[in-house]
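Residues 1 to 109 in the UniProt record's numbering are what the sequence shown lists, from first letter to last. Glycine residues also receive a C-beta, built at the ideal position from the N, C-alpha and C atoms. The structure presented is a predicted model; accordingly, all values stated were derived computationally and were not measured. This report refers to the structure that appears directly beneath it.
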Amino acid sequence: MPDLLETAAEPNRRRLLQLLARGEQSVTELAANFAVSRSAISQHLLLLAGVGLVRARKDGRNRYYSLDARGMRSLRESLDTFWTDELDSLVAEATALQHPNLKENPDEH
Numbered sequence: 001m002p003d004l005l006e007t008a009a010e011p012n013r014r015r016l017l018q019l020l021a022r023g024e025q026s027v028t029e030l031a032a033n034f035a036v037s038r039s040a041i042s043q044h045l046l047l048l049a050g051v052g053l054v055r056a057r058k059d060g061r062n063r064y065y066s067l068d069a070r071g072m073r074s075l076r077e078s079l080d081t082f083w084t085d086e087l088d089s090l091v092a093e094a095t096a097l098q099h100p101n102l103k104e105n106p107d108e109h
């Protein structure tokens with residue numbers, strides 16, 4: 001299964017998520033905002049749907065996409081966890097640089 005953060009990070013897919021935040025739209029409506037083909041937009045939407053960030057419904061010949069609230073919640077949680085972990089790592093590295101002996105014998109300090 002593709003990684004949620006990796007899938008959402010691609011610029012065209014990020015833009016699709018932004019556009020869908022306004023509400024449900026057809027592939028044709030979404031594609032009008034891009035310089036790439038409608039087919040390329042459909043592929044991006046399929047990837048977003050595959051990780052649960054968007055959902056699709058078919059109405060006749062048209063397919064309409066909207067954000068999936070559960071998937072967007074998961075994305076937010078993943079981002080929160082990512083930044084918390086990254087900040088913790090940066091703090092640990094900064095501390096190690098300031099106090100190189102702490103790593104070797106933490107009980108002596």
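Measuring only from the beta carbon, is residue i closer than 7 Å to any heavy atom that is part of the ligand ATP?
i	result
Leu19	Only the bare structure without any ligand can be found here, which leaves the ligand ATP out of the picture.
Does DSSP put residue i in a helix, in a strand, or in coil?
i	result
Leu47	helix
residue 113	Since the first residue of the chain shown is 1 and the last is 109, residue 113 is not available in this structure.
Leu67	strand
Ser78	helix
Ser26	strand
Ala40	helix
Ala31	helix
Ala56	strand
Glu6	helix
Ala21	coil
Contact criterion: CB-CB distance below 8 Å. Does residue i meet it with respect to chain B?
i	result
Glu86	Among the chains of the structure shown, chain B does not appear; only one protein chain is present.
Answer yes or no: do residue i and residue j have a C-beta to C-beta separation smaller than 8 Å?
i	j	result
Leu4	Leu90	no
Leu47	Thr7	yes
Ala31	Arg38	yes
Gly50	Gly71	no
Please list, in chain order, all residues of the same chain as residue i whose beta carbon is under 7 Å from its beta carbon, the five residues on each side excluded.
i	result
Ser78	Leu4, Leu5
Considering only residues of the same chain and omitting the five flanking positions on each side of residue i, which have a CB-CB separation below 8 Å?
i	result
Asn62	Ser26, Val27, Thr28
Arg15	Asn33, Phe34
Leu20	Leu30, Val54, Tyr65, Ser66, Leu67
Val36	Asn12
Which residues in the same chain as residue i place their Cβ atom closer than 6 Å to its Cβ, once the five residues preceding and following it in sequence are excluded?
i	result
Met1	Bear in mind that the predicted position of Met1 carries a pLDDT of just 47, short of 50, making it unreliable; the figure below should be weighed with that in mind. For Met1, where only same-chain residues beyond five positions count, there are no Cβ hits under 6 Å.
Ser42	Val27
*Evaluate contact between the stretch 52-67 and the stretch 17-37, counting only Cβ atoms and requiring at least three cross-stretch pairs below 8 Å.*
yes
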